[in-house]
Each structure stands twice: as structure tokens, then as C-alpha cells.
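Undergrad: Protein chains in written order, with our numbering: chain A, 2 to 849; chain B, 48 to 162.
All residues carry an ideal CB built from backbone N, CA and C; glycine is no exception.
None of the values given here were measured: they were computed from a predicted structure.
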Amino acid sequence: MTTLQQRPAASAEAAPRKRRLVVVGNGMAGARAVEEILARGGAEQFDITMFGDEPYGNYNRIMLSHVLAGEQSDDEIYLNSWEWYAENHIDLHAPVRVERIDRHAKVVITDEGETFAYDDLVLATGSRSFMPPMEGLHRSDGSLLPGVFAFRTIDDTRAMIAHATHDEHRRAVVIGGGLLGLEAARGLQTYGLDVTVVHSPSHLMNAQLGPEGGEILRQSMEALGIHVVCGNRATHAWGPDRVRGLRLKDGAEIECDLVVVAAGIRPNTEVALLSGLAVERAIVVDDQMRVLDEDDVYAVGECVQHRGEVYGLVAPLWEQAVVLADQVTGADPTAAYLGSRTATKLKVAGVEVASMGLTSPERETDEHIVFSEPRRGVFKSIVIRDDKIVGATLLGDSSKVAFLQQAFDRGLPLPEQRVELMFDLGGPSAEVGVAELDDDAQVCNCNGVSKGQICAVVKGGVKTVTGVMDATRAGKGCGSCKLLVRQVVEHAAGGAAEEDPSVHWYVPGIPLGKPALMAAIREQDLRSPSAVFAALAPGGAEDAKSKMGLASLLKMMWGADMVDEKDARFINDRVHANIQKDGTFSVVPQMRGGVTTPEQLRRIADVADKYAVPMVKLTGGQRIDLLGIKKEDLPAVWADLGMPSGYAYGKSMRTVKTCVGQEFCRFGTGDSTRLGVELETRLQGMESPAKMKLAVSGCPRNCAESLVKDVGIVAIEGGRWEIYVGGAAGAHIRKGDLLCTVDDAETAKLLTGRFLQYYRENALWLERTYAFVPRIGLDEVRAVVVDDRDGIAERLDAAVQEHAETHVDPWTEGRSPVEPGQFRTSLPLEVLPRVPAGRADELLGGAW
Amino acid sequence: MSAPAGVVPGVAPGAGAEHRLGSIDQVPFGEGRAFDVAGEQVAVFRVRDGRVRALSAVCPHRGGPIADGQTDLEVVLCPLHLNAFELDTGCSRTGAAPLRSYAVRLEGDEIVLTV
Chain A
2 MTTLQQRPAA
12 SAEAAPRKRR
22 LVVVGNGMAG
32 ARAVEEILAR
42 GGAEQFDITM
52 FGDEPYGNYN
62 RIMLSHVLAG
72 EQSDDEIYLN
82 SWEWYAENHI
92 DLHAPVRVER
102 IDRHAKVVIT
112 DEGETFAYDD
122 LVLATGSRSF
132 MPPMEGLHRS
142 DGSLLPGVFA
152 FRTIDDTRAM
162 IAHATHDEHR
172 RAVVIGGGLL
182 GLEAARGLQT
192 YGLDVTVVHS
202 PSHLMNAQLG
212 PEGGEILRQS
222 MEALGIHVVC
232 GNRATHAWGP
242 DRVRGLRLKD
252 GAEIECDLVV
262 VAAGIRPNTE
272 VALLSGLAVE
282 RAIVVDDQMR
292 VLDEDDVYAV
302 GECVQHRGEV
312 YGLVAPLWEQ
322 AVVLADQVTG
332 ADPTAAYLGS
342 RTATKLKVAG
352 VEVASMGLTS
362 PERETDEHIV
372 FSEPRRGVFK
382 SIVIRDDKIV
392 GATLLGDSSK
402 VAFLQQAFDR
412 GLPLPEQRVE
422 LMFDLGGPSA
432 EVGVAELDDD
442 AQVCNCNGVS
452 KGQICAVVKG
462 GVKTVTGVMD
472 ATRAGKGCGS
482 CKLLVRQVVE
492 HAAGGAAEED
502 PSVHWYVPGI
512 PLGKPALMAA
522 IREQDLRSPS
532 AVFAALAPGG
542 AEDAKSKMGL
552 ASLLKMMWGA
562 DMVDEKDARF
572 INDRVHANIQ
582 KDGTFSVVPQ
592 MRGGVTTPEQ
602 LRRIADVADK
612 YAVPMVKLTG
622 GQRIDLLGIK
632 KEDLPAVWAD
642 LGMPSGYAYG
652 KSMRTVKTCV
662 GQEFCRFGTG
672 DSTRLGVELE
682 TRLQGMESPA
692 KMKLAVSGCP
702 RNCAESLVKD
712 VGIVAIEGGR
722 WEIYVGGAAG
732 AHIRKGDLLC
742 TVDDAETAKL
752 LTGRFLQYYR
762 ENALWLERTY
772 AFVPRIGLDE
782 VRAVVVDDRD
792 GIAERLDAAV
802 QEHAETHVDP
812 WTEGRSPVEP
822 GQFRTSLPLE
832 VLPRVPAGRA
842 DELLGGAW
Chain B
48 MSAPAGVVPG
58 VAPGAGAEHR
68 LGSIDQVPFG
78 EGRAFDVAGE
88 QVAVFRVRDG
98 RVRALSAVCP
108 HRGGPIADGQ
118 TDLEVVLCPL
128 HLNAFELDTG
138 CSRTGAAPLR
148 SYAVRLEGDE
158 IVLTV
């Protein structure tokens, strides 16, 4: 018996004695737990002693398959070298096994008979390879038949490589077709061995994949030259000097020179059992990672059973280590481990596999979306319950795994079109997980903001997505990168961004959602933006970013009775033209339905000449754009044109695009131009939370692109009209949803207006219909707009009618300034425009 | 714009010359107007609480016309890409380079700016 290692009592009085922390196990769990403890100031609290039964520092067991495949040397996989232990004053004993714990004396006893006292004990004994029962596997002395290997440690791996490189050895069998077995098979191929995988369940990787996925993985493995036998198991091994072959359950025999057993793992619980700790399938711990009924014994890693679960993956182990460290050090006494939702993303033998949650539906109401393309080895399966992802499997293509994993972990809302979960359909691509993005990777392609810039702002203390967007302007262009910006912020904030409450408000400066804001405006009879700020903003403070949205809302609510304060208007709305990069403006006269006349064209041409307009261009909305007009020339240009505004600058109804329709087109089935012109006349200048682009096509050939408009109408044979809503073809692409099919053009006109009024009243600020319709749900939109479930159709129609009757063209009204300096230049020294004069001549070469 | 004759050079302590830009009525409440002052482009803002502030009129980001921007009591937003600048200091709140800030005051209803 050796002496108990204790310090003299005198020193305890001189300086308070540190507590003694003993960690049994120096694998990934034990070492990680110690790292977490050190990160919480554990070095000041504890004298740390660790025991490991391998004669090494701590290494990354997951990388052993890379060592086997020759991709990495064994030096490269060390996580903590001997120096690390010395630097942190950790007393490492390796290779030394702990045999037993005396919980009453609070000591651990090693296989060499030494005792070490502890105040706190951490068990991280890990697990070992499971050896399935097989005749002839062991020799009489209990050792494995030469040529048979487990695949668990550096020593296993080194011995396997030595055996595999032997010239006479040609064939290998891997027992077990899980992750580790397939990795071993692929690794052994690099030594020129012919490899067969024998897997007792009916398909490969059955813990992560369903049968269809397993079958596709089998085909991928066979394509790599790995033979696969499923639903069968090895019952005999024969030698005698070394392994020479295996016999399977069905009597088949495979000659082989090397056998790797990768048939699962079993937790190492002997020490705990011998010492009287609670052990079921593994060592039982509570949410604080304490062993059941023990005050100062903790356990972590693969040797642990928590709430009935035993984990064999690394991610739960990291989470457990954090909680354990918080508890042991007292850094956070409320810390609790509540179990892990396991998700795996890995490359198995060169094939990408990602798996989380269920592999197949369990209830009748579960949605199951499956895509299978065996020729490319691609398989995708997603299980959805109550609009949340409860399971996903991706094989051969894990490009969408980052989003799926987030959706799985946090129950994020899912796209209405489920196929978008599996493929990128023209939207922003997040092919690379944000963690893997380089710092200089551009996240926002409009404003040129990199991942590094976003992370720097987050590190600087801004933890909300909106705060980061404000500070960097990322996501403030077309907006299609917002999801990616959110992911980067979350990544930089260590998992979760803080929620900015203003995302639920209509405008950021007034803490009310749209319905509450509208109710307050009505109740208090607030008719100007400044009155709204004074009554409803915190401290009555106005907010520049909120002004435009408020002015638009007030215009929608009060119409002509709104008190229009020019300073609340964006410059475009102050001068009824669209500001350009050089501070000049673009002028787009109204051309209803894209129909014009020689007289209009002559006037436009005269204006272009008179004001030396540097660029005349057709727009996508079938109008003519005069670019490079100086601000001070705007009223004169309007007067000379004598045409109404085309509203190409506002958050409002822009244009109704049409095709020539049945009057001229031999395919036309409806008078699309007439309907388009009438719609534009009725809805012109209608302000809304975001711009509204419309189209009418005279037949299903759809030359006006009606399927990708906010409202798109298509004439079909029989004099009927289809109405599509919520389409888009800009930064975001979405095919509109068929709202209804109506019998005549008048009804189509009525329902178009009614839908847009409903959208005006209910959409968030800057929310286009392509986001609004899916958010509300097509069924709900149809119930209100088409079926008039709520009895508000008459009111909506009346609002549209009132707009049509009271609309005043701003180019007629605005020719004499309504306020001082309204049309005064804002860049007084610049010679504008800076767009090169004669740009069209330059582009066209002048010889046409 | 104020006529050259309206510019009366004066000397403010530790600063440049004073320039008289005419009546504040040229600038509606909550808005800005641009002035050419001694060869510099200056945006003068009349904040809704009555204060007057002056910043360089050209956005350092892409040359946007700052005088056309929307304001509140603290910032002006450049109309081109919505960069925000503090009216008091010219410092950007959106990561852009700062705007030059000018000393400006009202004498009666006359704008007096120091360059």
C-alpha cells in the first residue's frame, strides 16, 4: 500500500488549499472537459490529475480514418501534446489505468496500486470496440487472432497499416457497414487490398439512413470497388497462424488476410460498476453531468447515459463538457445539459452524408419529401411534422445541409415550396456553410460586405441582425442575402443572434406592429408623420429611417386628407423622379399598358433633344426612360412632355405590362391591352408598402410574363381570365399563385384592385407580394379577397375606387414648387449629368 | 443660392472665414439644401427642433447628394445607399468615412457658416 498523497495541514493555512480534481480518461471527452474547466479559471481552483491508459497525449480519434488512408500522419492528429499538460500544470499519468474508486475515502486506485485523493472526480472512460461473437476470433490466450483488428486507437491503426502493407496480403474484410467500417474499407483500399464489407443489418449506415438511402450508398461503395454484403454476418474465423478467412451465417466463405472489426462500440463502465456507481447501459448522469446520487463525481462522453441516451458522436460530448465545467467550477450553477439533437455531416469514403433526426416518417400526418437519383449517388429525404423539420438525410450532395440543420435545431419556418429545402431554385445560394466561408468571402453582393466585416462588427458588440445590417449595410441592397447575413451573425455570435424587437414593428422608430399602429393613428386622428412621432415614438423622437414608411402608410389611410410633410418623403417622392448615381434624375412618362402614339413619341424625342438627355432607354415595364435630367429641369421637362407621371420611382403601382392580345395576335384569346390600360388607369400612383408590378397576357403563351408579377392576369380560351398573385422575377424568383379564374375582364379588374388594397393594408413595410402571399397563405388570401369571408370586400373595393377618383398626377400639380428650393440642385458645383452625353451613340456605334 | 455679394468674410476664433448664406427660409424644416461656399459644397440642414447644422454635401461613399437626404434629430441618410451620418459631427453610423462638419449658426433668420 502506498501512502495517501495529501498535503501537510500547515500549508493549507498559509495559502488556501486548492481542490484536487482527478480525471479518469484522457480521450477527447476527458481532455475537452479539462480545457473547459481551465477556460473558467480552473487552474486557480484545482490541482488537476489525469489518467490515460494509452501512452500518448490527447488525440483526435475521429481522424484515425485519415491516418489509415495515409492522408494524415499520426503526429498531425494530436489535440494536446505533452507540453500542453506541463504548461497547464496537469499531472498526467499515462499509460496508467484506474482500477477502482473508493467513494467514501475519496481516492482512486490505479493498476499499479497507487492511490490518489480527490475532491472532485470526473469519469471520462469512453468506450471500446464491440467484438461480435465469432468462433476462432480469439486465440487460447484470449488475444485476437493475428490479422484481426479493432479500429479504435492509434496503436490499432498503426498495426493495421503494418499488416496491410505486407506484400502477401491481398484481401480484407471489414465487419460492420457503419461510418467507421466504411471509412476503414476505403482506407484499406489505399494499400491495394481488395475489400469486402460484411454488415449484419439489411442496409449500410442503418443508424443514419433509411433503406433507400442505404441502397444508394451501397451502389456508391460498389462503384468505388468495395464489395458489400448486407443482412449477413461472420460466424467463424480461421487461421491458424493468422487470419486466413471468414465463414458467414449463410455458409459462404471469404478468404482474407486482414479483418477489421467495426461493429459498434460499448461504453467502458467497469471502473464505475466495480466502484458501486449507478450504471445501466452506461454511467447514469443527471442534467448537471453528476453521476446519479453522487455529489462530487461527474462523468462525460461516450461512457455516459443521460436521460436514457448514450451518444457516440463528438458534438454531444462538447456540449456535456461545457455543462460539466460550469458545474465543477461553479461558473454557472444553473447550467444544465438537456440532451443533444444529433446531426451528423460527414464524408464517408468520399461520399457526403448528412443525417439528422428521423430517417423516415412515423405518423400518418408526417410529410415525407424524397428525391432519389441513383445514377449520381444522390439521395435526399426530409421528414416534416407540423411544419417543422423532424428529420433529414442527404447523401451525395449536402449543399443544403447548413439550412436544414438550422431549421432542424431551431424549428425555423419552412418555405412553402418544400422542394426549396432540397435545391436552390434561383434564390441566394448558401452552398458553403458559413463557418467554412473565408473571411474575405463576399456575403452581400450589392454592398460588397464580407464575412470578416460582419464578424468584426459582431465582435465589437453588435449582436442583432438588424444592428449588423445597419452598421455594415449588408443585406440592405436587394435583400436576397439576408438569410446568409443572419447565419454569419449567428456564427460570429457563437450560435444565436440577439433578437431586435424592432423587427416586429412596422417602422423601426415606433414600437408597434402594423395593426396596432394603424389603430392608434385612427383613434388619435394622426394625419402627419410628425404627429405620429410626437404621439407614438419613444420620447416623441422622430426617426429618419421610419419617415418614408410612415408617410406611405398615412397616405394609404388618409388619402387626400393626409398632411403631407415633404421632409418625411424620400427624395424620389419629393421631386417625382428617380435619383441616379450622379444626383441627376430619370424621368419615365406614363405609357399605360405599354401603348403609345406617334404624338407621344415626338414629344419625348423633342424633350430629349431640348434637354440634351444623355440616354434614352426602354424599360422592362414597357415605357421610355429619359436618364440624366437635372433636378432643376424637372418641372420644365414635365411641362414640355405634357404626359402624366409613370411612377417609376415610388413604392407604388408601377406599370401594367401587356402583350398585343387578340386584336392583332393570331394566338390571342383576350383583349389584354385594353384590360392592362384600364388597370393602369384605375391603379396609377397607388402607394403601397413596396412597389407593385402588374401584367396582362392575352393567352397562356404569357408574353407579358404574368406568372412572375405581383398581380399577373392571363386570358384563357372561353373568354376567361386567370389571376396570379405573389410572383417575382428580380432578386427573388417566384412563380405567382393562381388566386382564381374569372369570367370577365371587369371581375378581373375588381379582384386585382381588391387584392392590392388587402396587400396595402396588411403587408409589412417593404414586403413585396412574393413574401406577403406565402406569409399570409394563399388559402387565407383567397378566403378574404375572392370569397369575402370577412365581409370586407365592399370596403376594399370602395378604397380602390376612392383612390381612382381622387388621384392627382404629381407632374401636373408639381410644376410649380410647393416648397422653397424643392427643385434646387443638391450638388451645386458639379457639372451634371456625369453620365456621358451621347451614351446611346457610343453604345450603338452611330451607324444604324 | 446666396450671391457672392452676400458673403461677408469674418473671422471666428481659431476657424476660417464666416459666410452669410441668406435666410433660413430657403431650407424647409426637416430638410437640407446645398450651398456653394468659398468653392466648397456644403449641405445646410434645418432640424425640426429649430437647430441648424452643416455638413459636406457629397457622400464619401459614392458621391451622393447629402442635401437630398432624409433627417431626424440626429442623422441624415444619404439618398443613394442610405449611409447614415451624424448631423452634429459628420461621423458615419454605417461604416462610411465621415463627412466634414462646419460651424453654422443663425443670426436672426440669417445662416452664418464658417469655412
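Name the chain B residues whose beta carbon is nearer than 7 Å to that of residue 826 of chain A?
TA: Position 825 of the first sequence holds residue 826 of chain A. Neighbours of residue 826 of chain A on chain B, chain order: 81.
Undergrad: Given residue 740 of chain A, which residues of its chain have a CB within under 8 Å of its CB, disregarding the five upstream and five downstream residues?
TA: Within the first sequence, numbered from 1, the residue matching residue 740 of chain A stands at position 739. These residues qualify, in order along the chain: 724, 725, 726, 752, 756, 779, 782, 783, 786 and 787.
Undergrad: Can you find a C-beta in chain B that's less than 8 Å from the C-beta of residue 531 of chain A?
TA: By one-based count along the first sequence, residue 531 of chain A stands at place 530. Judged by the 8 Å Cβ criterion, residue 531 of chain A is in contact with chain B.
Undergrad: For residue 393 of chain A, which residues in the same chain have their Cβ closer than 6 Å to its Cβ, ignoring the five residues on either side in sequence?
TA: As a position in the first sequence, residue 393 of chain A is number 392, starting the count at 1. Around residue 393 of chain A: 357, 383 and 405.
Undergrad: Taking just the CA atoms, how far does residue 243 of chain A sit from residue 168 of chain A?
TA: Mapped onto the first sequence, residue 168 of chain A falls at position 167. Mapped onto the first sequence, residue 243 of chain A falls at position 242. Roughly 15 Å between the two C-alpha positions.
Undergrad: Quick check: residue 325 of chain A and residue 459 of chain A, are their CB atoms within less than 8 Å of each other?
TA: Locating residue 325 of chain A in the first sequence gives position 324, where the first residue counts as 1. Locating residue 459 of chain A in the first sequence gives position 458, where the first residue counts as 1. No, the Cβ-Cβ distance between residue 325 of chain A and residue 459 of chain A is not below 8 Å.
Undergrad: Whole angstroms are fine: how far does the CA of residue 445 of chain A sit from the CA of residue 797 of chain A?
TA: For the purposes of this step, residue 797 of chain A is taken as the residue at position 796 of the first sequence. For the purposes of this step, residue 445 of chain A is taken as the residue at position 444 of the first sequence. Roughly 39 Å separates the two Cα atoms.
Undergrad: When the distance is taken between beta carbons, is residue 456 of chain A closer than 8 Å to residue 478 of chain A?
TA: Within the first sequence, the letter at position 477 stands for residue 478 of chain A. Within the first sequence, the letter at position 455 stands for residue 456 of chain A. Against a cut-off of 8 Å, the Cβ pair of residue 456 of chain A and residue 478 of chain A comes out as no contact.
Undergrad: Would you tell me roughly how many angstroms separate the C-alpha atoms of residue 55 of chain B and residue 826 of chain A, rounded to the nearest one?
TA: In the second sequence, residue 55 of chain B corresponds to position 8, counting from 1. In the first sequence, residue 826 of chain A corresponds to position 825, counting from 1. Its pLDDT being 39, under 50, residue 55 of chain B is placed unreliably by the model, and the measurement read from it follows with that caveat. Roughly 23 Å separates the two Cα atoms.
Undergrad: If you draw a straight line from the alpha carbon of residue 100 of chain A to that of residue 85 of chain A, how long is it in whole angstroms?
TA: Sequence index remark: in the first sequence, residue 100 of chain A carries index 99 (1-based). Sequence index remark: in the first sequence, residue 85 of chain A carries index 84 (1-based). Near 26 Å, if we compare the C-alpha coordinates of residue 85 of chain A and residue 100 of chain A.
Undergrad: So residue 725 of chain A is in the beta strand (DSSP E); what residue range does that whole segment cover?
TA: Here residue 725 of chain A is taken as the residue at index 724 of the first sequence, counted from 1. Counting along the chain, the beta strand (DSSP E) containing residue 725 of chain A begins and ends at 721–726.
Undergrad: Assuming residue 869 of chain A and residue 758 of chain A are in contact, meaning their beta carbons sit under 8 Å apart, how far apart are those beta carbons, in whole angstroms?
TA: Lying before the first or after the last residue shown, residue 869 of chain A is absent from chain A, which here runs from 2 to 849.
Undergrad: Residue 148 of chain A and residue 260 of chain A: beta carbons closer than 8 Å?
TA: One-based indexing of the first sequence puts residue 148 of chain A at position 147. One-based indexing of the first sequence puts residue 260 of chain A at position 259. Going by C-beta atoms, residue 148 of chain A is nearer than 8 Å to residue 260 of chain A.
Undergrad: Helix, strand or coil, according to DSSP, for residue 473 of chain A in the structure here?
TA: By one-based count along the first sequence, residue 473 of chain A stands at place 472. Correct three-state label for residue 473 of chain A: helix.
Undergrad: Between which two residues does the alpha helix (DSSP H) containing residue 154 of chain B stretch?
TA: Position 107 of the second sequence, counted from the start, is the residue given in the question as residue 154 of chain B. Careful: residue 154 of chain B lies outside any alpha helix (DSSP H), inside the beta strand (DSSP E) at 148–154.
Undergrad: Between residue 147 of chain B and chain A, is there a C-beta pair that is closer than 8 Å?
TA: What you label residue 147 of chain B is simply residue 100 of the second sequence in a count that begins at 1. No, residue 147 of chain B lies away from the interface with chain A (no Cβ there is under 8 Å from its Cβ).
Undergrad: What residues from chain B crowd round residue 212 of chain A, counting only those whose CB sits closer than 7 Å?
TA: Translated into the one-based positions of the first sequence, residue 212 of chain A becomes position 211. By Cβ distance, chain B contributes nothing, its closest Cβ being about 53 Å from residue 212 of chain A, past 7 Å.
Undergrad: Who are the near neighbours of residue 525 of chain A in its chain, counting only those whose CB is closer than 6 Å to its CB and skipping five residues on each side?
TA: As a first step, residue 525 of chain A must be located in the first sequence, where it is residue number 524. 536.
Undergrad: With a threshold of 8 Å between beta-carbons, can residue 157 of chain B be considered close to chain A, or not?
TA: For the purposes of this step, residue 157 of chain B is taken as residue 110 along the second sequence, with counting starting at 1. Not closer than 8 Å to any Cβ of chain A, the Cβ of residue 157 of chain B fails to qualify, so no.
Undergrad: In angstroms with no decimal places, state the Cα-to-Cα distance between residue 70 of chain A and residue 176 of chain A.
TA: Here residue 70 of chain A is taken as the residue at index 69 of the first sequence, counted from 1. Here residue 176 of chain A is taken as the residue at index 175 of the first sequence, counted from 1. For residue 70 of chain A and residue 176 of chain A, the distance between alpha carbons rounds to 18 Å.
Undergrad: Hey, could you find the ends of the alpha helix (DSSP H) residue 455 of chain A is sitting in?
TA: By one-based count along the first sequence, residue 455 of chain A stands at place 454. Where residue 455 of chain A is concerned, the enclosing alpha helix (DSSP H) stretches over 452–460.
Undergrad: Could you give the C-beta distance for residue 450 of chain A and residue 473 of chain A, rounded to a whole number, given that I count them as a contact under 8 Å?
TA: Within the first sequence, numbered from 1, the residue matching residue 450 of chain A stands at position 449. Within the first sequence, numbered from 1, the residue matching residue 473 of chain A stands at position 472. That belief holds up - the Cβ atoms of residue 450 of chain A and residue 473 of chain A are roughly 5 Å apart, short of 8 Å.
Undergrad: Give me the subset of the region 108–123 of chain A whose CB atoms are less than 8 Å from a CB atom of chain B, sorted by chain position.
TA: Cβ contacts with chain B: none found.
Undergrad: Put residue 347 of chain A into one of helix, strand or coil per three-state DSSP.
TA: Numbered from its first residue, the first sequence carries residue 347 of chain A at position 346. Residue state, collapsed to three classes: strand.
Undergrad: So which residues on chain B does residue 474 of chain A lean against when the C-beta distance must stay under 8 Å?
TA: For the purposes of this step, residue 474 of chain A is taken as residue 473 along the first sequence, with counting starting at 1. Going along chain B in sequence order, the residues near residue 474 of chain A (Cβ under 8 Å) are 128, 129, 130, 141 and 142.
Undergrad: Out of A:116, A:737 and A:566, which has the shortest C-alpha to C-alpha gap to residue 106 of chain A?
TA: Numbered from its first residue, the first sequence carries residue 106 of chain A at position 105. The shortest Cα separation from residue 106 of chain A among A:116, A:737 and A:566 belongs to A:116.
Undergrad: For a quick check, are the C-beta atoms of residue 608 of chain A and residue 641 of chain A less than 8 Å apart?
TA: If you number the first sequence from 1, residue 608 of chain A lands on position 607. If you number the first sequence from 1, residue 641 of chain A lands on position 640. Yes, the pair counts as a contact, with Cβ atoms nearer than the cut-off.
Undergrad: Per the contact definition of three or more C-beta pairs closer than 8 Å, is the region 515–533 of chain A in contact with the region 657–665 of chain A?
TA: Because the criterion of three Cβ pairs below 8 Å is not met, the region 657–665 of chain A and the region 515–533 of chain A do not touch.
Undergrad: Within the 8 Å Cβ cut-off, does residue 829 of chain A reach chain B?
TA: As a working mapping, residue 829 of chain A is identified with position 828 in the first sequence. By this cut-off, residue 829 of chain A is an interface position.
Undergrad: To the nearest angstrom, how far is it from the Cα of residue 145 of chain B to the Cα of residue 632 of chain A?
TA: Stepping through the second sequence from its first residue, residue 145 of chain B is reached at position 98. Stepping through the first sequence from its first residue, residue 632 of chain A is reached at position 631. The straight-line gap from Cα to Cα measures roughly 26 Å.
Undergrad: In the DSSP assignment, find the unbroken alpha helix (DSSP H) run with residue 555 of chain A in it and report its ends.
TA: Indexing the first sequence from 1 puts residue 555 of chain A at position 554. That run of the alpha helix (DSSP H) goes 545–559.
Undergrad: Give the DSSP bridge partners of residue 133 of chain B, in chain order.
TA: Here residue 133 of chain B refers to the residue found at position 86 when the second sequence is read from its first residue. According to DSSP, residue 133 of chain B bridges with B:122.
Undergrad: Which residue spans inside the region 725–754 of chain A form an unbroken beta strand (DSSP E) run of at least 3?
TA: 738–743, all fully within the region 725–754 of chain A.
Undergrad: Once DSSP output is grouped into helix, strand and coil, what is the label at residue 176 of chain A?
TA: Here residue 176 of chain A refers to the residue found at position 175 when the first sequence is read from its first residue. Three-state result, residue 176 of chain A: strand.
Undergrad: Please identify the residue among A:337, A:286, A:332 and A:331 whose C-alpha is closest to the C-alpha of residue 312 of chain A.
TA: Counting from one through the first sequence, the residue named residue 312 of chain A turns up at place 311. Per the Cα distances, A:286.
Undergrad: Just checking: is the beta-carbon of residue 455 of chain A within a distance shorter than 8 Å of some beta-carbon in chain B?
TA: As a first step, residue 455 of chain A is located in the first sequence; it is residue number 454 there, counting from the start. Taking Cβ atoms only, chain B never reaches closer than 8 Å to residue 455 of chain A, which makes this a no.
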